[in-house]
Every structure is written in C-alpha cells, then in structure tokens.
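Residue numbers (the UniProt record's numbering): 3 to 571.
Beneath this line is the structure, given in structure tokens, with notes to follow.
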Ligand code: TEU
Ligand code: CA
C-alpha cells in the first residue's frame with residue numbers, strides 16, 4: 003500500500019475575508035488583516051487555509067460573483083498583498099487554498115458583457131442564452147425557458163431586453179451560469195487555474211462544482227423541474243446536480259491543470275445534493291477527479307420544505323447520516339467534515355446551547371466532528387465558540403439570500419414578519435458572517451472604522467484575546483483536537499464503528515487502527531445520560547485522551563454536553 007495522502011491528517015481553516023480582520027479602517031476585512039492574524043492560526047495548529055473569494059467582484063454575493071479571476075478586489079487589497087500573504091503562510095508551514103467559483107461569473111465579467119452584446123457575439127455560447135418558451139412572448143409570466151427557481155428567490159432566468167433572450171442564473175441575476183459544454187470556456191478556466199497554481203497557491207475549493215454539467219437535450223432545450231408542494235418554482239436540481247458530463251469535466255480538469263504537478267494541489271469539490279454513491283466516484287483516487295467532497299446531508303437534517311422552514315434535529319438522523327457516509331467511503335474516497343462555513347448558522351447555536359452551556363456544547367460538538375474519518379474544517383470564530391448574530395431587525399442583514407427570501411415571502415404573504423425574522427435568526431447565512439471577535443474592545447478589534455455588518459455584542463465575553471491565555475478555553479480545546487489528529491494515526495485513518503445508533507441523546511463510536519482503539523462519546527443534551535456500550539468492560543480502565551470536563555468522570559455516565567475520547571489499554 004502507498005502512504006496516505008498528506009491531507010488525511012490535515013485540518014483546514016476557512017477564512018471569510020470580509021469578516022476576518024480589517025487593516026485599514028474601512029470596515030471590510032482584507033488581505034493585510036489576514037496576514038496580521040497568522041499567529042492565531044499558527045498557534046491553533048491548522049495545516050491549510052481556505053480563503054473565500056478575494057477576486058475582483060461587484061460583491062453582489064459577497065465575492066462569489068467574480069468579474070476578474072486574475073485580479074484582487076480593491077476592497078481586499080492588491081496582488082502584492084496576496085503574494086505577501088501567501089509567502090508568509092508558506093513560511094509558517096501552512097498551505098493556502100483558493101475558492102474557485104466557475105459555475106458562474108459576475109454579469110460584469112468581460113466574458114458576459116461580450117456574450118450579452120449580441121446573438122452573434124463569439125462569446126454568445128459561453129453562457130446559457132435561450133428564447134422564451136415556444137408560443138409565449140418574452141417577458142410574459144411563465145415564459146422563462148424552464149420553470150427552475152433560483153437559490154436566491156425568483157426564477158433562474160432573466161430576460162435581457164437587448165436581444166430578447168433569457169440567460170440562466172442558478173444564483174443571483176448577477177451570477178450568470180457559464181456554459182461548460184463549450185470547450186473554449188473550459189480551456190479559459192483551466193488556464194486561469196494554472197496561473198494561480200504557478201503563483202504558488204496550494205489548491206482549490208470548488209464552489210458548486212457538481213452543478214457545471216447541465217442536462218441539455220439534443221435540441222438545446224433544458225427540462226422543467228417538478229414543482230414541490232408549496233413551492234413557487236420547479237426544482238431544477240435533478241437537471242444540473244451531478245449532470246451527465248460532470249465526471250468527464252473533472253477528469254479533463256485534472257489532466258489539464260493538476261496532473262504532473264510536484265506540489266500535488268488539494269482539490270475539494272463543494273457539491274450540494276451529492277450522494278454517497280456519487281461521492282465514491284468523485285473521490286476514488288483511481289478516477290483522478292477531486293481529493294474530497296464537501297457534502298450537505300447533515301446540514302439539511304433540520305430543514306423542512308426549505309432551509310428557513312426549521313425543524314429540530316433528531317440526533318438519530320444525524321448519526322444515520324454520518325454513519326452512512328463513514329461506511330460508504332470506508333474503502334475508497336474521502337469526505338470533508340464540517341459544522342460551519344459562511345453559508346451555515348453557528349453550530350453552537352444550532353445543535354448546541356449558546357447560553358449557559360456554550361463552552362461545553364461547543365467543545366462536545368467539535369470532538370464528535372473531529373474524531374470522524376475525513377478532513378475537518380474549522381470556520382473562523384468556531385474555534386472561539388462564536389454564536390449566531392441574534393439580529394432583531396431585517397435592516398441588520400446584508401446577505402442577498404436572506405434579503406431576497408424575506409422580500410419574496412412578504413410579497414407572497416407566506417408568513418408574518420415576526421415569523422420570518424425568527425427563522426432568519428436561526429438560519430440566515432449572516433449568522434456566520436459577523437466579524438471575528440478578536441478582543442473586548444470597540445468592534446471586537448475587527449476594525450477601527452464602522453464594520454460592514456454588526457459585531458455581536460457578546461464580543462465583550464467571547465473573544466480570542468480572552469481565550470489565548472486560558473488553557474480551559476474553546477480555542478485551546480480545538481488546538482488539542484488538531485494536535486490529536488496530527489499525532490494519533492487512528493484519528494486520521496482508523497476505521498469507524500457507530501455505537502448506540504438508536505439513542506437520541508448520546509453520540510458514541512469507536513475508531514480502530516492496527517493495535518489502537520479509540521472510543522468517542524458525546525452527550526447532545528443538558529442532562530446526565532447513561533452510556534450503554536457493547537462489551538463495556540473493555541473500556542473500564544481505558545485512558546482518557548481528551549475531555550471537556552476537568553476530571554475523567556466515569557465511562558458509563560455522560561454529564562451535560564460532555565465529550566470524551568478514550569484509548570483502550
Ligand atoms: O454555496 C452553494 C450552496 O448551494 C448553498 O450553500 C447556498 O449558498 C445557499 O446557502 C443555499 O441556501 C456556494 C457558496 O458557498 C455560497 O456562498 C454562494 O452563494 C453560492 O455557492 C454561489 O456561488
Ligand atoms: Ca479593509
């Protein structure tokens with residue numbers, strides 16, 4: 003057998019630049035701000051930094067709408083700032099992975115401007131232009147080429163008056179979808195990717211990469227989607243999620259961009275809706291597509307008809323989901339492990355308790371996640387136990403998904419304003435986008451100016467400065483979890499056995515590698531719980547490797563939000 007790839011024992015830290023650290027007082031986080039906080043990341047011990055988009059962008063979707071892939075947005079700094087940051091990251095023994103957003107560009111990208119200019123433009127076919135439905139007048143209600151809804155409310159098609167045709171945008175109308183069927187599009191993207199790798203970046207996190215192949219018919223048309231109960235639009239996902247040519251495109255990208263590079267760049271495929279079976283194909287090393295997937299099943303378990311229709315999590319559902327992914331990728335393939343990112347609410351507020359038991363529940367959740375097989379991701383502030391924003395008014399929100407959803411729901415009389423605000427407090431992406439809380443000073447030390455989005459008032463209590471010197475802090479607990487993955491091969495490579503699968507309170511599993519056996523137990527409630535293990539006697543005198551209470555306690559009782567890792571002796 004060959005040695006396991008380096009990323010099997012690595013931990014990734016996601017930086018969302020707008021909200022990380024502001025160096026020049028304009029209220030927006032930037033590259034120099036990131037550079038000024040590398041001590042924090044080095045001390046935490048992470049191996050890889052994934053940088054959310056810093057490219058030139060009108061910022062309609064906070065940088066996920068790119069108008070120039072080979073320039074840095076002035077609000078974040080310059081290419082020189084970027085090179086300096088990259089050099090410093092490397093000097094500290096870490097890697098830097100870029101966000102690759104190539105399902106769509108900004109509508110202000112020169113490619114789209116040219117494409118839009120006329121039906122005869124040489125770049126017309128670089129995007130998805132289609133006439134109105136047969137026998138319907140362009141602009142009439144329902145005349146869109148398909149009935150698909152956009153992720154950010156409204157239809158997925160916009161009529162362009164200039165040529166009387168519609169263009170496809172799965173996200174905002176300022177994010178037109180690129181047409182990957184066109185080989186020139188693919189070649190342009192591959193060349194841009196090589197440019198960044200030649201500059202020294204260590205890989206890419208690929209935004210909605212499983213959406214790039216659309217289910218286009220021979221006559222050029224795209225199919226309608228099913229309209230689910232209560233939905234305003236058809237569900238297009240079966241027609242663009244893991245579409246017919248997706249594996250072909252990723253294999254081609256691999257050959258054209260990554261093959262033969264000595265540095266072996268990291269490739270992470272963000273793939274909403276991907277199944278275990280598909281993920282095995284995407285990440286089987288023999289197929290040379292991507293190193294790991296970033297999937298969404300576990301963060302959809304508390305969603306109802308849509309993500310803002312919030313249901314309480316059943317722990318047995320979470321275990322069933324994680325258990326299926328652990329089993330399905332046991333032989334070949336690799337998964338990412340995450341609770342949080344810039345699109346998800348804060349995990350301590352979501353599955354934990356962000357009040358009285360904040361530190362215990364944050365460290366319990368971290369333990370359970372990091373002890374699975376896969377590559378763990380830490381989203382900025384998660385290592386401090388940062389909480390949801392708890393905004394009171396719609397005026398506090400900035401995120402396009404949130405604002406569009408609110409406006410559409412109000413317009414259709416779908417819910418009262420209070421109910422909507424309540425679901426935004428639980429699910430809005432802005433919960434993850436409030437500034438990182440560095441200290442207890444003004445604006446949490448994030449900026450000397452006016453932050454672009456409000457700082458959480460709990461920064462007086464929850465902040466990095468307070469935790470750096472406190473060995474009992476959430477920060478130091480994360481540091482120890484990372485260290486454990488680096489030093490204990492069973493954490494990275496051991497096999498996985500779920501225990502107590504039917505229990506609604508306790509999450510328990512075993513990891514085994516050669517002679518090593520680790521038991522992981524997490525209590526997802528604020529009450530004491532019995533831990534009922536098969537062959538419990540083998541754990542009676544086990545060694546406590548890590549726990550979030552000051553003393554070891556007893557193996558068969560889990561205290562409120564307790565987490566423990568034992569090694570069998
Ligand atoms: O998100 C992909 C995605 O499908 C969702 O997570 C989505 O953002 C949203 O939460 C649906 O409810 C990626 C990026 O992570 C996200 O920030 C971008 O807005 C999106 O793609 C478009 O680029
Ligand atoms: Ca700034």
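We put the beta carbon where it would ideally sit given N, CA and C, even for glycine.
Quick one: Cα of residue i to Cα of residue j, how far?
i: residue 196; j: residue 374; result: 33 Å
i: residue 454; j: residue 30; result: 6 Å
i: residue 516; j: residue 505; result: 28 Å
i: residue 248; j: residue 415; result: 39 Å
i: residue 482; j: residue 222; result: 54 Å
i: residue 240; j: residue 274; result: 11 Å
i: residue 370; j: residue 380; result: 13 Å
i: residue 330; j: residue 278; result: 6 Å
i: residue 501; j: residue 511; result: 5 Å
i: residue 354; j: residue 420; result: 24 Å
i: residue 569; j: residue 252; result: 40 Å
i: residue 19; j: residue 537; result: 48 Å
i: residue 411; j: residue 346; result: 20 Å
i: residue 89; j: residue 441; result: 27 Å
i: residue 179; j: residue 44; result: 37 Å
i: residue 475; j: residue 348; result: 18 Å
i: residue 21; j: residue 534; result: 43 Å
i: residue 402; j: residue 266; result: 36 Å
i: residue 409; j: residue 134; result: 26 Å
i: residue 507; j: residue 320; result: 11 Å
i: residue 232; j: residue 552; result: 50 Å
i: residue 471; j: residue 254; result: 49 Å
i: residue 456; j: residue 173; result: 25 Å
i: residue 438; j: residue 123; result: 45 Å
i: residue 451; j: residue 458; result: 16 Å
i: residue 70; j: residue 175; result: 17 Å
i: residue 258; j: residue 216; result: 21 Å
i: residue 263; j: residue 202; result: 11 Å
In the DSSP output, what is residue i paired with across the bridge?
i: residue 305; result: 312
i: residue 2; result: This structure cannot speak to residue 2, because the chain is shown only from 3 to 571.
i: residue 498; result: 513
i: residue 521; result: 512 and 568
i: residue 34; result: Answer is none; residue 34 lacks a bridge partner.
i: residue 269; result: 206
i: residue 58; result: 70
i: residue 15; result: 51 and 380
i: residue 396; result: None; residue 396 has no bridge partner.
i: residue 236; result: 150
i: residue 345; result: None, per the DSSP bridge assignment.
i: residue 531; result: 560
i: residue 228; result: 237
i: residue 179; result: 106
What residue range does the beta strand (DSSP E) around residue i cover?
i: residue 53; result: 50–53
i: residue 2; result: The chain is shown from 3 up to 571; residue 2 falls before or after that span and cannot be answered.
i: residue 548; result: 545–549
i: residue 170; result: 167–170
Would you mind reading off the limits of the alpha helix (DSSP H) that contains residue i?
i: residue 248; result: 248–255
i: residue 191; result: 185–201
i: residue 328; result: 317–330
i: residue 408; result: 402–413
i: residue 419; result: 419–429
i: residue 46; result: 40–46
i: residue 224; result: Unbroken run through residue 224: none, as it is neither H nor E.
i: residue 278; result: 278–285
Would you check if there are 3 or more beta carbon pairs closer than 8 Å linking the region 100–108 to the region 207–214?
-> Note that the region 100–108 touches the region 207–214; at least 3 beta-carbon pairs, one per stretch, sit closer than 8 Å.
Is there contact here, the region 30–43 with the region 68–84, by at least three beta-carbon pairs under 8 Å?
-> A contact between stretches requires three or more CB pairs, one per stretch, nearer than 8 Å, and the region 30–43 meets this requirement with the region 68–84.
Neighbouring residues (CB closer than 6 Å to any heavy atom of ligand 3) = With respect to ligand 3, the structure shown offers nothing to examine, as its ligands consist of ligand 1 and ligand 2.
Ordered list of beta strand (DSSP E) runs contained in the region 78–165, each at least 3 residues = Fully enclosed beta strand (DSSP E) runs of 3 or longer: 97–102 and 159–162.
Segment contact, 8 Å Cβ cut-off, at least three pairs: the region 390–398 with the region 12–31 = Counting Cβ pairs under 8 Å, fewer than three are found: no touch.
Validate contact between the region 308–328 and the region 419–428 using beta carbons, cut 8 Å, 3 pairs | They touch, by the three-pair rule.
3 or more residues per run - each beta strand (DSSP E) lying fully within the region 438–514 = Runs found: 497–501.
Counting only runs that start and end within the region 353–388, where is the alpha helix (DSSP H) found for 4 or more residues in a row?
-> Those alpha helix (DSSP H) runs which fall completely within the region 353–388 and span 4+ residues are 360–372.
State whether the region 517–528 contacts the region 553–569, with contact taken as three or more CB pairs (one from each stretch) at a distance under 8 Å.
-> The region 517–528, when compared against the region 553–569, does touch it at the 8 Å Cβ threshold.
Touch test, the region 223–243 against the region 138–154, Cβ-Cβ under 8 Å, three pairs minimum | Yes, they touch.
Would you call the region 50–61 and the region 9–16 touching, i.e. three or more CB-CB distances under 8 Å?
-> In this structure the region 50–61 touches the region 9–16; the number of beta carbon pairs closer than 8 Å is three or more.
Would you call the region 338–349 and the region 533–542 in contact, with 3 or more CB pairs under 8 Å?
-> The count of Cβ pairs closer than 8 Å, one atom from the region 338–349 and one from the region 533–542, stays below three, leaving the stretches out of contact.
Would you call the region 118–132 and the region 175–193 touching, i.e. three or more CB-CB distances under 8 Å?
-> Judged by Cβ distances under 8 Å, the region 118–132 makes contact with the region 175–193, as three or more pairs qualify.
The region 116–123 touching the region 158–165, judged by at least three CB pairs closer than 8 Å = Judged by Cβ distances under 8 Å, the region 116–123 makes contact with the region 158–165, as three or more pairs qualify.
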